[in-house]
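S.K.: Residues 325 to 660, numbered by the numbering used here, are exactly what the sequence shown covers, in order. Let me give you the structure first, and then I'll get to my questions.
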Amino acid sequence: MGIPPAGLSRPGWDRAPGLRRQMQDPLWVRLLLISLAVVLMGVLVVIPVLNVFYEALRDGLAAYVQHIFGEPDTRHSILLTLTVAPLAVLCNVVFGLAAAWAVARFRFPGRTLLVTLIDVPLSVSPVVAGLSFVLLFGLQGFFGPYLRAQGLDLLFTVPALILATTFVTLPYVARELIPVMETIGPDEELAALSLGANGWQIFWRVTLPNIKWGLLYGIILCNARAMGEFGAVSVVSGRIPGETNTMPLQVELLFQDFNSPAAFALASVLTLLAVMTLILKVSLEGRRLPPAQREAPDLPREPTDLEEPTDPSAAANGPRAAPSAAFPDAPDRPSP
């Protein structure tokens, strides 16, 4: 439908089809851009993904199932990935909530440095991150002698996989929550505090409902990244088949052993998990929008003289309950 020009309200824009046609790009430009996007997506995304499933199923469904569930090392890699990824996501949820709360609610020396450090895992190579953990927790590392004296071995174990995966996926939850909490502001939390709510009541009944969509998006992105992590995990795991090989590492091992059917079968499982994650994200986005905007989203318009300006976020989220209704068990405070 297009965006109304400055100074022209939505009703006037809707009644001016000639003006809309003048401001649209030529037909050949639109066709060129759409065709370019479709071709690039097909070549870079659709065809490779479909080829993985084609190669995995080329020998038949029975062989496909045998490649996945018939090999003990492959089964273990699937279970290990489905164990490491949720634990890494849980660690990131705790860190993301704490970091977002600190950045959005407090002003302290080093706040800008903290925001910058959150993005470090995105700029550092995962292999470098894995090597840094080896230098810290290896036998010759900084903490190596102490861990060895305590009889603890961290490298080439499942905790090392969780640690490396947590580092690589560290920014995803925090980066989703920080802008959401900064936009919401502390007004509702202060109102709940003035009504006698304690810290846990404020978090569960005020803060968490307001940030739930950002938190869910961060969890989904973090989980997708954790399941496909290769670089850092390959360094700290030791690549021990049947013990520390995750799904990406097992796919590489099978491919290097010239067992392409088994490699493609396991790769298809990893791809299927990624597609399911994408479908879940799209489904959550659809539920977040009101029913009227799911099929034909409308753009904000300027209020007329007879209308009061409305808050788009309040209209999208629906009417909010009064703070007193959210805390029925909060003690009443005498008015001054």
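Even glycine gets a Cβ: it sits at the ideal position worked out from N, Cα and C.
Could you give the uninterrupted runs of the alpha helix (DSSP H) lying entirely in the region 530 to 593, keeping only those of 4 residues or more?
M.R.: Listed in chain order, the complete alpha helix (DSSP H) runs (minimum 4 residues) inside the region 530 to 593 are 532 to 551, 555 to 561, 571 to 580.
S.K.: Please report the straight-line C-alpha distance between Lys605 and Leu545, rounded to a whole angstrom.
M.R.: Lys605 and Leu545: Cα-Cα distance of roughly 9 Å.
S.K.: Anyone know if the C-beta pair for Ala516 and Val504 falls short of 7 Å?
M.R.: Their beta carbons are not under 7 Å apart, which means Ala516 does not touch Val504 by this criterion.
S.K.: When you compare each of Pro396, Leu463, Leu356 to Asn569 by their alpha carbons, which one comes out closest?
M.R.: Closest by alpha carbon: Pro396.
S.K.: Tell me which same chain residues have a C-beta within less than 6 Å of the C-beta of Glu512, skipping the five on either side of it?
M.R.: Answer for Glu512: Val530, listed in chain order.
S.K.: For the alpha helix (DSSP H) that contains Ser518, what are its first and last residues?
M.R.: Its alpha helix (DSSP H) spans residues 511 to 518.
S.K.: What's the call for Ile603, buried or exposed, on a 16-neighbour Cβ count within 10 Å?
M.R.: With fewer than 16 other Cβ atoms within 10 Å, it is exposed.
S.K.: Within a Cβ cutoff of 7 Å, which residues of the same chain sit near Leu446, ignoring the five residues on either side of it in sequence?
M.R.: Closer than 7 Å at Cβ, skipping near neighbours: Pro495.
S.K.: Using a Cβ-Cβ cutoff of less than 7 Å, which residues in the same chain neighbour Arg399 once the five nearest sequence positions on both sides are dropped?
M.R.: Here the set comprises Phe393.
S.K.: Excluding the five sequence neighbours on either side, which residues of its own chain have a C-beta within less than 7 Å of the C-beta of Pro510, listed in chain order?
M.R.: These residues qualify, in order along the chain: Arg429.
S.K.: Label Asn534 either buried or exposed according to how many other C-beta atoms from any shown protein chain fall within 10 Å of its C-beta, with 16 as the threshold for buried.
M.R.: Asn534 should be labelled buried.
S.K.: Give a yes or no on whether the C-beta atoms belonging to Leu485 and Val557 are separated by under 7 Å.
M.R.: Taking 7 Å as the Cβ cut-off, Leu485 and Val557 qualify as a contacting pair.
S.K.: Using DSSP with H/G/I as helix, E/B as strand and the rest coil, what is Phe419?
M.R.: In this structure, Phe419 counts as helix in the three-state DSSP scheme.
S.K.: At the level of alpha carbons, what is the spacing between Ala620 and Gly610?
M.R.: Residue placement at Ala620 cannot be trusted, given a pLDDT of 46 that sits under 50; the coordinates are not used to answer.
S.K.: Do Thr493 and Ala548 have their beta-carbon atoms positioned less than 7 Å apart in this structure?
M.R.: The answer is no: Cβ separation not under 7 Å.
S.K.: So, is Glu506 buried or exposed, given that buried needs 16 or more other C-beta atoms within 10 angstroms?
M.R.: Glu506 comes out exposed.
S.K.: Look at the Cβ atom of Gly542, then the Cβ atom of Val482, and state whether they are nearer than 7 Å.
M.R.: Not closer than 7 Å, so no.
S.K.: Going by C-alpha distance, which of Val373, Phe467, Leu368, Ala426 is nearest Leu501?
M.R.: For Leu501, the nearest C-alpha among the options comes from Ala426.
S.K.: Mark Val413 as exposed unless 16 or more other C-beta atoms lie within 10 angstroms of its C-beta, in which case mark it buried.
M.R.: Result: buried.
S.K.: Return the Cβ separation of Val559 and Leu455 in integer angstroms, given the expectation that the two are a contact with Cβ distance under 8 Å.
M.R.: Confirmed, Cβ separation roughly 6 Å.
S.K.: Just verifying my parser: in three-state terms, what is the DSSP assignment at Arg354?
M.R.: Residue state, collapsed to three classes: helix.
S.K.: With DSSP as the reference, label Gln348 as helix, strand or coil.
M.R.: DSSP places Gln348 in coil when its eight states are reduced to three.
S.K.: For Val353, which residues from the same chain have a beta carbon less than 7 Å from its beta carbon, with the 5 sequence-adjacent residues on both sides left out?
M.R.: If we look at Val353 and ignore the five residues flanking it on each side, it has no Cβ neighbours.
S.K.: Does DSSP put Leu478 in a helix, in a strand, or in coil?
M.R.: In the structure shown, Leu478 sits in coil (DSSP, three-state: anything other than H, G, I, E or B).
S.K.: Whole angstroms are fine: how far does the CA of Phe466 sit from the CA of Ala453?
M.R.: Each residue's Cα considered, the two are about 15 Å apart.
S.K.: Leaving out five residues on either side along the sequence, give the residues of the same chain with a beta carbon under 6 Å from the beta carbon of Glu632.
M.R.: Note on Glu632: pLDDT 49, under 50, position unreliable in the model; the coordinate value appears next. Excluding residues within five positions, none has a Cβ falling inside 6 Å.
S.K.: Give me, in chain order, the residues of the same chain whose beta-carbon lies closer than 6 Å to that of Val408; leave out the 5 immediate sequence neighbours on both sides.
M.R.: Counting only Cβ-Cβ distances below 6 Å, and skipping sequence neighbours, we find Leu485, Ile486, Thr489.
S.K.: Since I believe Leu540 is in contact with Met571 (beta carbons under 8 Å), could you give me their beta-carbon distance rounded to a whole number of angstroms?
M.R.: About 24 Å separates the two Cβ atoms, so there is no contact after all.
S.K.: Name the two residues that bound the continuous alpha helix (DSSP H) containing Phe467.
M.R.: Counting along the chain, Phe467 falls outside any alpha helix (DSSP H), and DSSP gives it neither H nor E.
S.K.: Alpha carbon to alpha carbon, how far is Val458 from Leu594?
M.R.: Spanning the two alpha carbons is a distance of roughly 27 Å.
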